[in-house]
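Take a look at the structure below.
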Amino acid sequence: MNTTKKYASTALAAALGVTALAGCGGSDDTSAGSGASKGSGSKTVTLVTHDSFNASEAVLKQFTKESGYTVELLKSGDAGAALNQEILTKGSPRGDVFFGVDNTLLSRALDNGLFTAYEAK
17 MNTTKKYAST ALAAALGVTA LAGCGGSDDT SAGSGASKGS GSKTVTLVTH DSFNASEAVL
77 KQFTKESGYT VELLKSGDAG AALNQEILTK GSPRGDVFFG VDNTLLSRAL DNGLFTAYEA
137 K
């Protein structure tokens, strides 16, 4: 594997690993979300992001190979539109991970309880 693909795969794995565990949504309902949080033993992580997010098929395949999880991308407009949609659906999240909140929008996400705390074991 070339170095660029290796770094991209590692970066995607790190981003998904941390944020998948942090989750999307402020609900204590364990049935919330789709994909990895389902009790069905699903090995799919639904990544909600903005339209300009780009991960190549090679990177996604490498992530699946290394983690055992398949990534399903759900693109939701620009970063502001994606954040608005996630705030509106936080009681019933559309995905397991929300990626693409920059410093400008982060305060809105936090003020609306979009993310849950996670402490690594």
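Per the working numbering, the very first residue in the sequence shown carries number 17; after that it's consecutive. Cβ atoms here follow ideal geometry from the backbone N, Cα and C, with glycine treated the same way. For clarity, every value in this text was computed on a predicted model and none was experimentally measured.
From residue i to residue j, what distance separates their C-alpha atoms?
i    : j    : result
A133 : G93  : 26 Å
N119 : E82  : 30 Å
K54  : P109 : In this predicted model, K54 has a pLDDT of only 46, less than 50, meaning its place in the structure is not dependable enough to derive any value.
L104 : E88  : 21 Å
T60  : D112 : 9 Å
L126 : E135 : 17 Å
G96  : K137 : 32 Å
L90  : Q78  : 19 Å
N70  : R124 : 24 Å
List the endpoints of the continuous alpha helix (DSSP H) containing residue i.
i    : result
G127 : It is Asp, not Gly, that sits at residue 127 in the sequence shown. That run of the alpha helix (DSSP H) goes N119 to D127.
Could you check how far apart the C-beta atoms of residue i and residue j are, in whole angstroms? I think they sit under 8 Å.
i    : j    : result
V75  : A98  : Actually they are not in contact, since the Cβ atoms of V75 and A98 sit about 20 Å apart, beyond 8 Å.
L130 : E102 : 6 Å
Name the one or two DSSP bridge partners that residue i has.
i    : result
F131 : Beta-bridge pairing links F131 to no other residue.
F114 : V64
Cβ of residue i versus every heavy atom of the ligand GTP: is any distance shorter than 7 Å?
i   : result
A95 : This structure lacks the ligand GTP, and indeed carries no ligand of any kind.
Exercise for the section: Run through the stretch 57-94 for me and flag every whole alpha helix (DSSP H) of 4 or more residues, listed as ranges in chain order. Expected result: 73-83
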